[in-house]
Every structure is written in structure tokens, then in C-alpha cells.
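Participant:
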Amino acid sequence: MSGSSTGASSWQVCPRCGKELPLSFAKSPCPACSALLEARHRPPERRGRELRELFAERRGSGRVLDASGVWRFRELVLPDAGAGVVTHPEGNTPLLFLAAVSRWTGIADLAVKHEGHNPTGSFKDRGMTVGVTVAKRIGRGRSRALRPGTHRRRSRRTRRSRRFRRWSSFRLARWRRASSRRRWRTARGRSSFGATSTPALRWPSRRAKS
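Okay, so the sequence shown: first residue is 2 according to this note's numbering, each after it adds one.
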């Protein structure tokens, strides 16, 4: 049963085979053809100028959802967003006019969007507030975000680091065994002289017992 035919405000659809799944389906690939699923929403009832006026009215509102630069446009982001939204809030970052950058690019009145004003200092807060909200809605207790471009390099560094730790642990264990054998042999050689006055041979311990 498709999401659009059941009256749901949001659902997922496969762009390759057209299979439709509910938004609660928690896997990215399509179960039929393995293509990446896309989220679809029903068009808002308000359109054009009326919708833009609604967004403008929310800018100075004291409501939690309206204070977010993402959920202020919830009719286009997640139409049925309610009290379960996870927000800090994020968005509403300023536009900065930098004369030096304008001169360097040759573009007059160039404005730069400063995404460092987000809660975690990253533009990814905009997408993560939606992702974590949906994860909470479908009952997921944990979520994870990958960094595009650096994930593969980080994975390689992680594998090298793990191999180095295993190699270091192995070498340290061998060194400890060899050191213990040397101490035992030294103690055994000393005990061969003056056996009558030498106490019984004991395995050397790391710490002296009181």
C-alpha cells in the first residue's frame, strides 16, 4: 500500500522502480531494487504569496518551532511536525557583507552566510534536526551521521590505528615474557653458588611483597 494512497502527509518513494514505503521504514535502500529512497510530502494547502506571508509572520514569534530557521518552513520540510521535534533552535544564521571578499571576487555587495552561528557551529545542524526528529518518531534510540569526503580516509586511519595497537600489544607481551625469562635465568644462575646459604628458588614477581 503506497504512502500517497493512504492519506499520509509524508512517505518514501524509490526513484528507480517507483515503490512507495511509509516514512517509518528505517532503511535507506529500496527493498526491491536497492536504490536510495527519497522522502515525499503532500503539497501545502497554502501556496505562493500566502505561504510566504505565513513564513514571514513566524519570524518574530516566540514559539519553539517558529524560532528555528528550519521548522519555520515546516509545511515544506515535514508537514506533520508537532511537539516531538528535536530543535535547539538552529538556522536563522546572519548574512555578512565583507568588503575584502567583495573586492577579491569582483562582486559588489556580496553577502556571506555565516553557518558558524548554528548550535554546533556547523551547517549540518539544519539537516540533523530533521533526521533526529524522524529517528525519534520511529523509535530509534541512536543516530549516526557520516562526514562526506572524509569518512573513507577516517576509516583507513582507524584501521591502521587498530592494527598498530594490536601490533604494539603483541610486541609488549613478547617483551614481558622475554624479560621474565631473563630474570628467572639470572636468579637460577645466582642460586648455583653457595647453595647452602641461598634460599629456595622462587619465580620472580613484579612487586615485592611486604
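Each residue gets a CB set at the ideal place from its N, CA and C atoms; glycine is no exception.
With distances taken between CB atoms, is the gap from L79 to V133 smaller than 8 Å?
Facilitator: Taking 8 Å as the Cβ cut-off, L79 and V133 do not qualify as a contacting pair.
Participant: Would you mind working out which of R104, A9, K28, R164 sits nearest R41, comparing C-alpha positions?
Facilitator: If we check each option's Cα against that of R41, A9 comes out closest.
Participant: Measure the beta-carbon distance from P1 to L24 and round it to whole angstroms, keeping in mind my assumption that it falls under 8 Å.
Facilitator: Outside the displayed span of the chain (2 to 211) sits residue 1, for which this structure offers no information.
Participant: If we count the other Cβ atoms within 10 Å of its Cβ and call it buried at 16 or more, is R75 buried or exposed?
Facilitator: Answer is buried; the Cβ neighbour count reaches 16.
Participant: Buried or exposed, going by whether 16 or more other CB atoms sit within 10 Å of the CB of W12?
Facilitator: Looking at its Cβ environment, which holds 16 or more other Cβ atoms inside 10 Å, W12 is buried.
Participant: Go through its chain and collect everything with a Cβ distance to S221's Cβ below 8 Å, but skip five positions before and after it.
Facilitator: The requested residue 221 is not part of the displayed model; the chain covers only 2 to 211.
Participant: Can you tell me which of A36, K28, A27 puts its alpha carbon nearest to the alpha carbon of C18?
Facilitator: Out of A36, K28, A27, A36 has the C-alpha closest to the C-alpha of C18.
Participant: Please state if the CB of A68 and the CB of I139 are separated by a distance shorter than 8 Å.
Facilitator: No, Cβ-Cβ distance for I139 and A68 is not below 8 Å.
Participant: Just to confirm, are T113 and L99 a CB contact at a threshold of 8 Å?
Facilitator: Thr is not the amino acid found at residue 113; the sequence shown has Val there. Result yes, Cβ atoms of V113 and L99 sit closer than 8 Å.
Participant: Assuming R47 and R59 are in contact, meaning their beta carbons sit under 8 Å apart, how far apart are those beta carbons, in whole angstroms?
Facilitator: About 13 Å separates the two Cβ atoms, so there is no contact after all.
Participant: Using a Cβ-Cβ distance cut-off of 8 Å, determine whether T88 contacts chain C.
Facilitator: The structure shown contains no chain C; it holds only a single protein chain.
Participant: Where DSSP assigns a beta bridge to P45, which residues make up the other side?
Facilitator: None; P45 has no bridge partner.
Participant: Tell me which residue opens and which closes the beta strand (DSSP E) that S11 is part of.
Facilitator: Its beta strand (DSSP E) spans residues 11 to 14.
Participant: Identify whether T197 lies in helix, strand or coil by the three-state DSSP scheme.
Facilitator: Unreliable positioning characterises T197 in this predicted model, as indicated by a pLDDT of 47, which lies under 50. The coordinate reading is nonetheless provided below. In the structure shown, T197 sits in coil (DSSP, three-state: anything other than H, G, I, E or B).
Participant: Report the three-state DSSP secondary structure of F98 (helix, strand or coil).
Facilitator: It is a strand residue.
Participant: With C-beta atoms as the reference, is P90 less than 8 Å away from H118?
Facilitator: No, they are not a contact pair.
Participant: Can you give the Cα-Cα distance for A146 and R175, rounded to whole angstroms?
Facilitator: Approximately 40 Å, taken between the alpha carbons.
Participant: In or out: C34 buried (at least 16 other Cβ within 10 Å) or exposed?
Facilitator: Answer is exposed; the Cβ neighbour count stays below 16.
Participant: According to DSSP, V113 sits in a beta bridge with which residue or residues?
Facilitator: Bridge partners of V113: L97.
Participant: Measuring only the C-alpha atoms, how far is E54 from A101?
Facilitator: Taking the straight line from one Cα to the other gives about 35 Å.
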